[in-house]
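Okay, structure first, notes after.
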Amino acid sequence: MKTKFFSTVLVATLFFFFSCGESTDVVESGTYEGTIKEVEASKTEIYVETDDDKTLELYFTDQTELTRDGSTVDFSELEEGMRVEVEVKKEGKRLDPISVKVLE
């Protein structure tokens, strides 16, 4: 009886754990506008929800240009809720951010 209970709890916990992950989309190379949904500073990563309801997972590289009002800004200035324009290059199932422009 205890084994069946613990097995059920384990399965439910694993299901919950895997269903909580970020669901992201891979789009074609191009430029998209949207809102920053999440900022992961330790990974220099942002999640952007586009105007057509896609979620883009973007890991910044040394080559990613980040600007605001035409000037380069630091990653630490990014915040959830900011409007951005992102230019991405599709590399397989990964999106490389070429540029991120803060619109607000």
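When the letters of the sequence shown are read in order and numbered with mature numbering (1 follows the signal peptide of the UniProt record, and there is no 0), they come out as residues -21 to -1, 1 to 83.
Cβ atoms here follow ideal geometry from the backbone N, Cα and C, with glycine treated the same way.
DSSP state of residue i mapped onto helix, strand, coil
i	result
residue 22	helix
residue 56	helix
residue 39	coil
residue 82	coil
residue 3	coil
residue 16	strand
residue 75	strand
Minimum C-alpha distance to residue i - residue among the options
i	options	result
residue 55	69, 2, 24	24
residue 62	77, 51, 11, 15	15
residue 77	60, 83, 40	40
Separation of residue j from residue i, as counted between CA atoms
i	j	result
residue 11	residue 81	12 Å
residue 72	residue 9	15 Å
residue 3	residue 57	19 Å
residue 110	residue 64	Summary: the structure shown does not reach residue 110, with the chain confined to residues -21 through 83, and so no result is reported for it.
residue 7	residue 53	26 Å
residue 36	residue 26	5 Å
Identity of the residues DSSP links to residue i by a beta bridge
i	result
residue 9	67
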